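In terms of full-length UniProt numbering, the sequence shown has 131 at position 131, counting the first letter as 1, and numbering is strictly consecutive. Just so you know, even glycine gets a beta-carbon here, dropped at the ideal spot from N, CA and C. Since we're looking at a predicted model, the values are computed, not measured.
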Amino acid sequence: MDLVIGRVAKSHGVRGEVMIDVRTDEPDVRFAVGTVLRGRKSTGKNTFVETDYTVTAARNHSGRLLLSLAEINDRDSASALRGVLFLIDADDVTSGDDPDEFYDHELQGVPVRTVGGDDVGSVTDVVHLPAGDLLSVAMADGREVLIPFVTAIVPTVSRELIEIDPPDGLLDPE
């Protein structure tokens, strides 16, 4: 199983640097100079291409991580990486003791209910998109619903239960 440790948000400057949305608690380790990153880019519905990238420089810029990659040396090449997910194997990490921290795969199968106590279904995936993350939930009636993974809608998250406070219409059939 793969874990997402970062996503290319956009290019930066003319030398091919990329700005990263970090999704790991160890960015200094995961994005260290010399590290080979496995990048995955979507090429269509359920299809993707994977490419390795070598970190040649990493720095903080306005609270975000900027990377220079050996394989990318100009703005156009960097712009083409927008949306690329950097992945590691789940076997390479161990869960921490903090109950408020979890990996995507640890949420798969977790039951979802409303704050009012109504059963909704169970998590099948955590979807990472440029605009934000979504919980993919299989409902009891067989439908799949995508729930924005934001505190206003998903106030309680644990490895045992996820509670949601859905706005009107979010769970309604089309």
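Alpha carbon of Ile-5 to alpha carbon of Asn-46, nearest angstrom: As a first step, residue 5 is located in the sequence shown; it is residue number 5 there, counting from the start. As a first step, residue 46 is located in the sequence shown; it is residue number 46 there, counting from the start. Distance between the alpha carbons of Ile-5 and Asn-46: 20 Å.
Contact set for Arg-59: own chain, Cβ-Cβ below 6 Å, skip 5 residues either direction: As a first step, residue 59 is located in the sequence shown; it is residue number 59 there, counting from the start. Short of 6 Å from the beta carbon of Arg-59, and not among the five residues preceding or following it, lie these beta carbons of its own chain, in chain order: Leu-66.
Validate contact between the segment 10-21 and the segment 32-47 using beta carbons, cut 8 Å, 3 pairs: no
From Ser-68, Pro-27, Ile-147, Pro-130, residue whose alpha carbon lies closest to that of Ser-136: Translated into the one-based positions of the sequence shown, residue 136 becomes position 136. For the set Ser-68, Pro-27, Ile-147, Pro-130, the Cα lying nearest the Cα of Ser-136 is the one of Ile-147.
Rounded straight-line distance, which links the Cα of Ser-122 to that of Val-49: Within the sequence shown, residue 49 is the residue found at index 49, counting from 1. Within the sequence shown, residue 122 is the residue found at index 122, counting from 1. In a straight line, the C-alpha of Val-49 is about 29 Å away from that of Ser-122.
Leu-37 vs Val-55 beta-carbon contact at 8 Å: If you number the sequence shown from 1, residue 37 lands on position 37. If you number the sequence shown from 1, residue 55 lands on position 55. Yes, Cβ-Cβ distance for Leu-37 and Val-55 is below 8 Å.
Where Glu-50 falls: helix, strand or coil (DSSP): Position 50 of the sequence shown holds residue 50. Of the three classes helix, strand and coil, the one that applies to Glu-50 here is strand, per DSSP.
Distance between Ile-88 and Asp-25 (C-alpha atoms, nearest Å): For this step, residue 25 is matched to residue 25 along the sequence shown. For this step, residue 88 is matched to residue 88 along the sequence shown. So the two alpha carbons sit approximately 13 Å from each other.
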